[in-house]
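Protein chains in written order, with the numbering used here: chain A, 20 to 241; chain B, 20 to 241.
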C-alpha cells in the first residue's frame, strides 16, 4: 500500500509542476482561466456557447474541451467562432495539467482574454487535479437534485462559483423537485465565499449576473 | 511510468480477487446481484425505492449504497424495510470489490433474492471495477441529454440493462430535448445485447417491463 501512496503522490507532484507552468504562462499574458466541473449532462457546453455568443465583442474566449471520446463539444464551441482545442482522455476520468499545457500551446493566447477549460463530466475526480486555473466553477443542473452539495462536498468546497443550471425546468407546472435555498445553504456551509448564480443557459434567465462576474474577473489585476 | 502501470495492475488484480470471492458467495446462495452505475442525480435511489416497494412480496432485496459522504441514501432504502449497508468512500470515485465484500457479510443474505449495489455517482470510474455482480445496469436521466452513449461509451458497452429514467420530463409541453431513438441506436451500436427500459421512477411509467426483467433474472438458473 505504501508503494501505491508513493506513486499517487508522484503523479500529483508531476501534475503540480505542469499546473504551475500553466499558471505562469497565463499570468504572463494577463489571461484569466476557469475550470468548469460537473456531472455529465449538466449543460456545461450549452453554457459556454451562450456565454461566448452573448459576450462577443466584450471579451475574447478560448476553450479547452475534455471528453473521454468524440469532438462534438469542441465543434459546438467552434460554431461560435471561438477557438477550441479538444482533448480526448480515452477513458481517463479527469484532465491533467500536462494535457492542458499542450492545449494552451495550441490556442492563440495573445488574442484571448479568458480561457475556459471544460473538464470531463465527473463530479468527483477532476476536483483533485489543479490545472493552473484562476478558479474552479461547479455546474449543477436542477434535474440532479438538491442533495448534491452534501453528497459531493469536495468540489463545492473548492469552487469560486456555483452555476445552478436549467432553472427553466423549475418554472410553472414543474415536474422537478429542487429546493434552491437548500443548495445555497449547504454550498455556503462548505464554502462561505462561493458565488452562486441560478441560470438557464437555454432561456438566458439569470445569465447577466454571471456575465457581470466574468467581466469583473477579466478587469481585476493579477 | 512503468511503476505507475505496475501498481495500477496490482490494484486491479487485488480487486479481481475480491470480485471472485463475492461472486462465489452470491452463487453459493443462489442470489442475484446487480451493480447500478450512473452520473450523480440520475435517480438511482428513487428507482430502487420504487422497485423494492412495488415488488414487495414477490422478491426480497438487499442494498449496498456507495457514496462519498452521508448515509441519506441508505436511510431512504431502509424506509422500505429492506436492509441497506452504507459505504462511505471518503472521496474515492468508485466502490471496490473489497468494500462490497465487507458489506455482503453484513447483509442477511439467506433472506434475500437479489442484492443491488448502488455505486458512487460517476459515469466513468466505476465501470472499470468488477464487484462480482451478475451484471451492470446503467441509469441515464433524460435531463442529461441524448449524447451520453457516444460520449461515455465504456459503461454502455459493459451493461446488461440501460434504464432511461425521468421520462415524465418528456411528456406534454416538455422543456427537455432528448431523442430516445438516438440513445437506443447509439447504445445498441456499442452493445447489441443491452436491454433498454424507458421509465419514470417518479410516476411509475414503464416500470413493469423492468420488473418483468428482474423476475426473469431471479428465476433463471445460475
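A virtual CB, placed ideally from N, CA and C, is assigned to each residue, including glycine.
A quick note: this is a predicted structure, and the numbers were derived from the prediction, not measured.
Inset, instruction - If I'm right that residue 92 of chain A touches residue 84 of chain A with Cβ under 8 Å, what's the distance once you round it to whole angstroms? - result: For the purposes of this step, residue 92 of chain A is identified with residue 73 of the first chain, where counting begins at 1. For the purposes of this step, residue 84 of chain A is identified with residue 65 of the first chain, where counting begins at 1. With a Cβ gap of about 5 Å, residue 92 of chain A and residue 84 of chain A count as contacting.
Inset, instruction - For residue 149 of chain B, go through chain A and note every residue whose CB falls closer than 7 Å to its CB, in chain order. - result: What you label residue 149 of chain B is simply residue 130 of the second chain in a count that begins at 1. Think of a sphere of 7 Å around the beta carbon of residue 149 of chain B: no beta carbon from chain A falls inside it, the nearest being about 16 Å out.
Legend entry - Amino acids of chain A, ordered along the chain, whose beta-carbon sits closer than 9 Å to that of residue 105 of chain B: In the second chain, counting from the first residue as 1, residue 105 of chain B sits at position 86. Under the 9 Å cutoff, chain A gives no residues; its nearest Cβ is about 12 Å from residue 105 of chain B.
Legend entry - Interface partners of residue 173 of chain A on chain B, CB under 8 Å: Mapped onto the first chain, residue 173 of chain A falls at position 154. Residues of chain B whose Cβ lies closer than 8 Å to the Cβ of residue 173 of chain A are, in chain order, 87, 110.
Inset, instruction - Measuring only between beta-carbons, confirm whether residue 143 of chain B sits less than 7 Å from chain A. - result: Position 124 of the second chain, counting from 1, holds the residue named residue 143 of chain B. Taking Cβ atoms only, chain A reaches closer than 7 Å to residue 143 of chain B, which makes this a yes.
Inset, instruction - Pull up the CB-CB distance for residue 152 of chain B and residue 54 of chain B, whole angstroms please, since I reckon it's below 8 Å. - result: On the second chain, residue 152 of chain B is found 133 positions in, with the first residue counted as 1. On the second chain, residue 54 of chain B is found 35 positions in, with the first residue counted as 1. The distance from the Cβ of residue 152 of chain B to that of residue 54 of chain B is about 4 Å, consistent with a contact at the 8 Å cut-off.
Legend entry - residue 155 of chain B, enclosing beta strand (DSSP E) - first and last residue: On the second chain, position 136 is the one that residue 155 of chain B refers to. Counting along the chain, the beta strand (DSSP E) containing residue 155 of chain B begins and ends at 154-160.
Inset, instruction - Answer with yes or no whether the minimum CB distance from residue 168 of chain A to chain B is below 7 Å. - result: Against the first chain, residue 168 of chain A aligns to sequence position 149. With 7 Å as the cut-off, residue 168 of chain A does not count as an interface residue toward chain B.
Legend entry - 7 Å CB neighbourhood of residue 28 of chain B in its chain, flanking five on each side removed: Mapped onto the second chain, residue 28 of chain B falls at position 9. Hits under 7 Å: none found.
Inset, instruction - Identify the continuous beta strand (DSSP E) that holds residue 82 of chain B and give its terminal residues. - result: Here the question's residue 82 of chain B lines up with position 63 in the second chain. Taken as a continuous stretch (DSSP letters only), the beta strand (DSSP E) holding residue 82 of chain B covers 80-86.
Inset, instruction - Determine, using beta carbons only, whether residue 59 of chain B comes closer than 7 Å to chain A. - result: Mapped onto the second chain, residue 59 of chain B falls at position 40. Interface residue, yes.
Legend entry - Cβ of residue 162 of chain B within 7 Å of any chain A Cβ: Here the question's residue 162 of chain B lines up with position 143 in the second chain. Answer yes: the Cβ-Cβ gap between residue 162 of chain B and chain A drops below 7 Å somewhere.
Inset, instruction - Pull up the distance between the alpha-carbon of residue 21 of chain A and that of residue 144 of chain A, whole angstroms please. - result: Numbered from 1 along the first chain, position 2 holds the residue referred to as residue 21 of chain A. Numbered from 1 along the first chain, position 125 holds the residue referred to as residue 144 of chain A. Any answer about residue 21 of chain A is weak, because its pLDDT of 48 lies below 50 and its placement is not dependable; what the coordinates show is given next. C-alpha separation (whole angstroms): 21 Å.
Inset, instruction - Could you check what DSSP says for residue 144 of chain B in three-state terms: helix, strand or coil? - result: What you label residue 144 of chain B is simply residue 125 of the second chain in a count that begins at 1. Here residue 144 of chain B carries a helix assignment [DSSP, helix/strand/coil].
Legend entry - Helix, strand or coil at residue 179 of chain A according to DSSP, with G and I counted as helix: Start at 1 with the first residue of the first chain, and residue 179 of chain A comes out as number 160. In the three-state scheme derived from DSSP, where H, G and I count as helix and E and B as strand, residue 179 of chain A is classed as coil.
Legend entry - Proximity below 7 Å, CB of residue 130 of chain A to CB of residue 169 of chain A: For this step, residue 130 of chain A is matched to residue 111 along the first chain. For this step, residue 169 of chain A is matched to residue 150 along the first chain. No; because the gap between Cβ atoms is not below 7 Å, this pair is not in contact.
Inset, instruction - Using beta-carbon positions only, say whether residue 150 of chain B and residue 38 of chain B come within less than 7 Å of one another. - result: What you label residue 150 of chain B is simply residue 131 of the second chain in a count that begins at 1. What you label residue 38 of chain B is simply residue 19 of the second chain in a count that begins at 1. A Cβ-Cβ contact shorter than 7 Å links residue 150 of chain B with residue 38 of chain B.
Inset, instruction - For residue 165 of chain B, count neighbouring Cβ atoms within 10 angstroms of its own Cβ and tell me buried if that reaches 16, exposed if not. - result: Within the second chain, numbered from 1, the residue matching residue 165 of chain B stands at position 146. Residue 165 of chain B should be labelled buried.
Legend entry - Against chain B: residues of the segment 193-206 of chain A by CB proximity under 8 Å: For the segment 193-206 of chain A, the residues whose beta carbon sits under 8 Å from a beta carbon of chain B are, in order, 194, 195.
Legend entry - Residues that residue 51 of chain A bridges to, as DSSP identifies them: Counted from its first residue, the first chain places residue 51 of chain A at position 32. Bridge partners of residue 51 of chain A according to DSSP: A:133.
Legend entry - Cβ separation of residue 132 of chain B and residue 68 of chain B, assumed to be a contact under 8 Å, to the nearest whole Å: On the second chain, residue 132 of chain B is found 113 positions in, with the first residue counted as 1. On the second chain, residue 68 of chain B is found 49 positions in, with the first residue counted as 1. In fact, because the Cβ distance is near 17 Å, the residues do not count as touching under 8 Å.
Inset, instruction - Mind reading off the beta-carbon distance from residue 104 of chain B to residue 125 of chain B? Whole number of angstroms is fine, and I expect it under 8 Å. - result: Residue mapping note: residue 104 of chain B aligns to position 85 of the second chain, counting from 1. Residue mapping note: residue 125 of chain B aligns to position 106 of the second chain, counting from 1. Between residue 125 of chain B and residue 104 of chain B the Cβ distance is about 5 Å, and since that is below 8 Å, they are a contact.
Inset, instruction - Could you check which residue in A:48, A:140, A:178, A:40 has the C-alpha nearest to that of residue 59 of chain B? - result: Counting from one through the second chain, the residue named residue 59 of chain B turns up at place 40. Selected option, being the one with the closest Cα: A:140.
Legend entry - 6 Å CB neighbourhood of residue 177 of chain B in its chain, flanking five on each side removed: Residue mapping note: residue 177 of chain B aligns to position 158 of the second chain, counting from 1. In chain order, 146, 155 place their CB closer than 6 Å to the CB of residue 177 of chain B, counting only its own chain and leaving out the 5 sequence neighbours on each side.
Inset, instruction - Give a yes or no on whether the C-beta atoms belonging to residue 208 of chain A and residue 137 of chain A are separated by under 7 Å. - result: For the purposes of this step, residue 208 of chain A is taken as the residue at position 189 of the first chain. For the purposes of this step, residue 137 of chain A is taken as the residue at position 118 of the first chain. No; because the gap between Cβ atoms is not below 7 Å, this pair is not in contact.
Legend entry - Interface partners of residue 185 of chain A on chain D, CB under 8 Å: Any reference to chain D falls outside this structure, whose protein chains are A and B.
Legend entry - Proximity to residue 214 of chain A [Cα-Cα], best of A:202, A:117, A:179: Counting from one through the first chain, the residue named residue 214 of chain A turns up at place 195. Checking every option, the nearest Cα to that of residue 214 of chain A belongs to A:179.
Inset, instruction - Could you tell me which residues DSSP pairs with residue 197 of chain A in its beta bridges? - result: Sequence index remark: in the first chain, residue 197 of chain A carries index 178 (1-based). In the DSSP output, where bridge partners are listed per residue, residue 197 of chain A has none listed.
Legend entry - Neighbour-count burial assignment, residue 192 of chain A, 16 or more Cβ in a 10 Å radius: Looking up residue 192 of chain A in the first chain gives position 173. Counting other Cβ atoms within 10 Å of its Cβ, residue 192 of chain A stays below 16 and is therefore classed as exposed.
Inset, instruction - Kindly give me the distance between the Cβ atoms of residue 71 of chain A and residue 101 of chain A, rounded to whole angstroms, as I take these residues to be in contact under 8 Å. - result: The residue given as residue 71 of chain A occupies position 52 in the first chain. The residue given as residue 101 of chain A occupies position 82 in the first chain. The pair is a contact, with the Cβ atoms about 5 Å apart (cut-off 8 Å).
Inset, instruction - Tell me where the alpha helix (DSSP H) around residue 236 of chain B begins and ends. - result: Taking the second chain and counting its residues from 1, the one referred to as residue 236 of chain B is at position 217. 226-238 is the span of the alpha helix (DSSP H), which, as asked, contains residue 236 of chain B.
Inset, instruction - Show which residues of chain B have a CB atom less than 9 Å away from the CB atom of residue 91 of chain A. - result: On the first chain, residue 91 of chain A is found 72 positions in, with the first residue counted as 1. One finds 166, 169, 170 in chain B with Cβ atoms closer than 9 Å to the Cβ of residue 91 of chain A, taken in chain order.
Legend entry - Among A:81, A:185, A:171, A:175, nearest to residue 211 of chain A - alpha-carbon criterion: In the first chain, counting from the first residue as 1, residue 211 of chain A sits at position 192. Of the residues A:81, A:185, A:171, A:175, the one whose Cα lies closest to the Cα of residue 211 of chain A is A:175.
Inset, instruction - Report the rounded CA-to-CA distance for residue 135 of chain A versus residue 57 of chain A, giving the unit in angstroms. - result: Numbered from its first residue, the first chain carries residue 135 of chain A at position 116. Numbered from its first residue, the first chain carries residue 57 of chain A at position 38. Taking C-alpha positions only, residue 135 of chain A is separated from residue 57 of chain A by approximately 14 Å.
Inset, instruction - Count the other C-beta atoms from every protein chain shown that fall within 10 angstroms of the C-beta of residue 11 of chain A, then say buried if there are 16 or more, exposed otherwise. - result: A question about residue 11 of chain A goes unanswered here, because the residues of chain A that appear run from 20 up to 241.
Legend entry - residue 1 of chain B vs residue 216 of chain B beta-carbon contact at 7 Å: Residue 1 of chain B falls outside the range modelled here, since chain B spans only 20 to 241, and no answer is possible.
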